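Here's the structure we're looking at; comments come further down.
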Amino acid sequence: MKTALVAALGTAISTVALGLVPALAQTPAQPAKDVKVALIAPLSGPWARQGQLMQMGADMAIDEINQKGGIKALGGAKMKLVVADAGDTTEKAKNAAERLLSQEPDLIGGTGAWLSSFTLAVTEVTERAQLPWLTLSYSDAITDRGFKYVFQTSPTADHMAREMIPTVIKLAESAGAKRPQTMGIVMDNTAANVSYVKPMHEGWLDQYGLKLVVDQVYTPPLSDATPLIQKVRSARPDFLLLLSSNVPDDKMLLEKLDEFGLGTRKLPTIGSGTHMGTPELLKVTDAEMLEGLLTGASDWGLKGQEDIIARFRQRTGEPWINQDSITAYGDMWILKEAVERVGAADRVKIGDELHKIDITEGPAAVAYPGPVKFDDKGRRVDAPLIIVQWQKGQAVSVFPTDRALAKAFWPAQ
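For the sequence shown, my numbering gives the first residue as -16, with consecutive numbering after it.
Structure (structure tokens):
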């Protein structure tokens, strides 16, 4: 009796178990959880155009990553971009970062916030949250604070200034022009520009025999360029550093220079930042006013980036790719590579990996000139200065000469 009961129970259990097998086999596998990355950039206010260009580049990278199978180390997980508007003040930028981290606690990294003053505020928030943060902002102060989770993909402003000035002198001499002996500065007081001129105010210009004859500072947005440019007209420097930070200010300053007979054909003018090379600037001024204008950047369309440039132009309708788009594109691929290497959507591990990473091939390596690796401060090692010049209605790379798409000329007649 007992034996029969056991046998019956065994048969029943086996039958139930066998009946469950098809049901279990038919249960679909759960899709891999999205890996979220952030972009904080100005999407309103005077710096909005730069934020829009950043989002274009980031969106393109995210789509390409997902089309190619997502993050393979996480079972093909898709990357998802979460975007926040930094607005037009440091307080708004900081608040945007705080809201984003509160609303999206599973973020694994991010990029932004374009203007160095905004980036300084945003990274105070991201650092406390141990969120790895890549930025194209130039200010030396960004990576002088001992932060562990902030990574600067651009050369610092100090480095850019120290490369730009001797390059400008060589360009003038190679064109048969008189070696510049005097220079002027008209600048806003945003963080990157403050870093840029710091060595010039500390006697560094002496080694080049340059005398600073105009030194004017304003707070953006600019309301009237006349007093600034009157100082330039009175001093007549051999060249001018025009260190604004947004297209509306660029327009006002360039138009006033032109009005006073100090256009780029008369007074060689050098900027810093990609706002001076956006198609938007051409729309609000004209090609003749911009001809010869030089500006420094951390990235631009270069030899070796032809495929990225073509895809970007086809996708967006933009006439060329600039620093804002191509670095945001590259940053998404850097974060993707870091996740692949650690095999986890873990902020701390990803931050540690970014300190060790050395990317030598693939989209991230193509997007950036120079190595994709970071030093102890979080600065990209050997990040070069890219110089861009307006030529016949287009902003084209002219330095470094081995990768530039055009040859520079000294604009003074």
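Just so you know, even glycine gets a beta-carbon here, dropped at the ideal spot from N, CA and C. Small disclaimer: the values here were computed from a predicted structure and weren't measured.
Considering only the beta carbon of each residue, do residue i and residue j sit closer than 8 Å?
i             : j             : result
methionine 39 : serine 308    : yes
leucine 237   : glycine 167   : no
threonine 268 : glutamine 306 : no
tryptophan 97 : proline 163   : no
alanine 366   : glycine 376   : no
To which residues of the same chain is residue i closer than 6 Å at the C-beta, ignoring the five residues directly before and after it?
i             : result
proline 115   : Gly92, Tyr132, Ile333, Gly334, Leu337
arginine 324  : Glu336
tyrosine 201  : Asp171
valine 4      : In this predicted model, valine 4 has a pLDDT of only 44, less than 50, meaning its place in the structure is not dependable; the value taken from the coordinates is given anyway. None.
aspartate 314 : Thr94, Leu117
aspartate 198 : Ile168
alanine 41    : Leu22, Leu64, Ala311, Met315
arginine 37   : In the sequence under discussion, the amino acid at residue 37 is methionine, which differs from the arginine named in the question. Once the five neighbours on either side are set aside, the close Cβ partners of methionine 37 are Ala24, Asp307, Ala311.
aspartate 71  : Gly28
lysine 214    : Val197, Gln199
Closest to residue i by C-alpha separation, out of the options, would be which residue?
i                : options                        : result
glycine 53       : Lys356, Leu368, Trp283, Pro14  : Pro14
arginine 386     : Lys360, Gly284, Gln33, Asn172  : Gly284
alanine 327      : Ala158, Leu265, Thr118, Leu90  : Leu90
phenylalanine 16 : Leu57, Met43, Ser27            : For clarity, residue 16 is lysine in the given sequence; the question names phenylalanine instead. Of the listed residues, the one whose Cα sits closest to lysine 16 is Leu57.
serine 178       : Asp71, Ser99, Lys214           : Ser99
tryptophan 392   : Leu103, Arg362, Ala31, Thr252  : Per the sequence shown, residue 392 should be read as phenylalanine rather than tryptophan. Of the listed residues, the one whose Cα sits closest to phenylalanine 392 is Thr252.
glycine 28       : Gly59, Asn229, Ala79           : Asn229
valine 108       : Ser122, Lys77, Leu119, Gln33   : Lys77
methionine 62    : Thr72, Asp71, Asp359, Asp46    : Asp46
leucine 265      : Trp303, Val151, Asp71          : Trp303
glycine 244      : Gln372, Ala270, Arg216         : Arg216
glycine 129      : Tyr121, Met143, Ser120, Glu110 : Glu110
arginine 32      : Thr261, Gln372, Val371         : Thr261
isoleucine 227   : Trp30, Ala21, Ile23            : At residue 227 the sequence reads serine, which differs from the isoleucine that was named. Nearest C-alpha to serine 227: Trp30.
proline 210      : Glu185, Leu240, Asp358         : Leu240
methionine 272   : Val364, Asp290, Arg248         : Arg248
serine 85        : Ile291, Ala21, Phe295, Gly192  : Ala21
glutamate 320    : Phe295, Pro346, Gly186         : Pro346
proline 277      : Val364, Thr72, Leu368          : Per the sequence presented here, residue 277 reads as leucine, with proline not at that position. With distances taken between Cα atoms, leucine 277 lies closest to Leu368.
arginine 82      : Val371, Pro203, Ala67          : Ala67
aspartate 329    : Lys75, Pro88, Lys51            : Pro88
alanine 44       : Arg294, Ala144, Asp71, Pro383  : Arg294
isoleucine 370   : Met143, Ala80, Lys51           : Met143
Cα separation between residue i and residue j?
i              : j              : result
threonine 343  : glycine 300    : 30 Å
glutamine 113  : leucine 188    : 40 Å
glycine 2      : alanine 69     : Residue confidence is low: glycine 2 scores 46 on pLDDT, short of 50, so the model does not pin down where it sits. Its coordinate-derived value is still stated next. If you take the alpha carbons of glycine 2 and alanine 69, they lie about 57 Å apart.
alanine 155    : isoleucine 317 : 38 Å
threonine 102  : arginine 362   : 14 Å
glutamate 274  : valine 379     : 11 Å
glycine 246    : serine 255     : 17 Å
threonine -6   : glycine 59     : Any reading at threonine -6 is ruled out, since the residue's pLDDT is 48, under 50, leaving its predicted position unreliable.
isoleucine 212 : alanine 218    : 10 Å
serine 157     : valine 151     : 10 Å
lysine 19      : glycine 34     : 19 Å
leucine 7      : asparagine 49  : With a pLDDT of 45 at leucine 7, under the threshold of 50, the predicted position of this residue should be treated as unreliable, though the coordinate-derived value follows. Using only the alpha carbons, I get a separation of about 29 Å.
lysine 339     : lysine 356     : 7 Å
tryptophan 373 : serine 120     : 22 Å
aspartate 233  : alanine 270    : 14 Å
proline 394    : methionine 259 : 16 Å
aspartate 359  : isoleucine 292 : 32 Å
leucine 193    : glycine 186    : 10 Å
aspartate 461  : proline 220    : An answer regarding residue 461 cannot be provided, because it is not within the stretch -16 to 396 covered by the chain.
lysine 153     : lysine 161     : 11 Å
valine 381     : serine 137     : 18 Å
glutamate 146  : alanine 175    : 15 Å
alanine 280    : glutamate 242  : 27 Å
aspartate 397  : threonine 384  : Any property of residue 397 remains undetermined from this structure, which presents the chain solely from -16 to 396.
lysine 75      : glycine 159    : 49 Å
valine 331     : lysine 390     : 44 Å
arginine 298   : valine 322     : 27 Å
So, for residue i: in the same chain, excluding its five sequence neighbours on each side, which residues have a beta-carbon less than 7 Å away from its beta-carbon?
i              : result
isoleucine 123 : First, the residue type needs correcting, since residue 123 is aspartate and not isoleucine in the sequence shown. Within the same chain, aspartate 123 has close Cβ partners Thr139, Ala140, Asp141, Ser178.
isoleucine 125 : Ser99, Thr102, Leu103, Thr106, Thr118, Val133, Gln135
methionine 235 : Leu205, Ala208
lysine 286     : Arg386, Leu388
glutamate 263  : Arg32, Val230
leucine 195    : Met166, Ile168, Met183, Leu188
isoleucine 148 : Tyr191
threonine 181  : It is lysine, not threonine, that sits at residue 181 in the sequence shown. Hits under 7 Å: Asp141.
Spatial neighbours of residue i within its chain, please: C-beta separation below 8 Å, excluding the five flanking residues on both sides.
i             : result
glutamine 397 : A query on residue 397 cannot be resolved here, the shown segment of the chain reaching from -16 to 396 and no further.
threonine 73  : Ser100, Phe101, Leu103, Ala104
aspartate 341 : Pro354, Val355, Lys356
Handout entry: Segments assigned beta strand (DSSP E), at least 3 residues, entirely inside the region 356 to 383
Key = Within the region 356 to 383, the complete beta strand (DSSP E) runs of at least 3 residues are 369 to 374, 377 to 382.
Exercise for the section: Jot down the residue ranges of each uninterrupted alpha helix (DSSP H) in the region 123 to 175, minimum 4 residues, whole runs only, in chain order. Expected result: Whole alpha helix (DSSP H) segments, 4+ residues: 140 to 157.
Practice task
Kindly provide the ranges of any beta strand (DSSP E) runs that are 3 or more residues long and lie completely inside the region 311 to 365, ordered along the chain.
Solution key: The DSSP assignment places no complete run of the beta strand (DSSP E) inside the region 311 to 365 (cut-off: 3 residues).
Practice task
Please specify which runs of the beta strand (DSSP E), each continuous and at least 3 residues long, are wholly inside the region 22 to 88, giving them in chain order.
Solution key: Within the region 22 to 88, the complete beta strand (DSSP E) runs of at least 3 residues are 62 to 68.
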